[in-house]
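Visitor: Below is the structure I would like to discuss, written out as structure tokens.
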Amino acid sequence: MNRSANPEIDELIASGRKLAREATELLEEVQQFFADHNITPESAMEEVRKRGGEDAVRKVLAQVDEETRKIEEEVAMRKLHMTKKRPAGRRASGRMMI
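Residue 190 is where the sequence shown starts when you use our numbering, and the numbers rise one by one after that.
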């Protein structure tokens, strides 16, 4: 593993990797729970419909749409601020020829 000159960066990277690993494990556990209990999106919506009627279904769908929009905006914003691989500039490419 590469060690940077800044131990705080190494700590942040390790922490990020640990968090990603834990999130993946939790997602797998939840997916297994849903599979074990035969919970599907359709069965969940049917249960909402039984208990709360069509108004409850509309409310859930509106909330899902809102959360989806927020996630898509966050992803778009992060993509906007990510560094991009670009070809070397004229000065840099000139240095490589030496």
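For every residue, glycine included, the Cβ atom is placed at its ideal position computed from N, Cα and C. The model shown is predicted, which means the values in this text are computed figures rather than measured ones.
For the segment 215 to 225 against the segment 235 to 253, do three or more pairs of beta-carbon atoms, one drawn from each stretch, fall closer than 8 Å, so that the two count as touching?
Guide: No: the two stretches stay apart, fewer than three of their Cβ pairs being nearer than 8 Å.
Visitor: Roughly how many angstroms lie between the CA atoms of R247 and R258, to the nearest whole one?
Guide: When rounded, the distance between both Cα atoms is 16 Å.
Visitor: Can you find a heavy atom of the ligand ATP that lies under 8 Å from the Cβ of E217?
Guide: Only the bare structure without any ligand can be found here, which leaves the ligand ATP out of the picture.
Visitor: Find out if the Cβ-Cβ distance for the pair V237, A245 is shorter than 9 Å.
Guide: In this structure, A245 lies closer than 9 Å to V237 by Cβ.
Visitor: Are M234 and V219 closer than 9 Å when you measure CB to CB?
Guide: Cβ distance not < 9 Å, so M234 and V219 don't count as in contact.
Visitor: Please report how far the alpha carbon of L216 lies from the alpha carbon of A209, in whole angstroms.
Guide: Roughly 10 Å separates the two Cα atoms.
Visitor: Could you have a look at I228 and say whether DSSP puts it in helix, strand or coil?
Guide: It is coil, neither helix nor strand.
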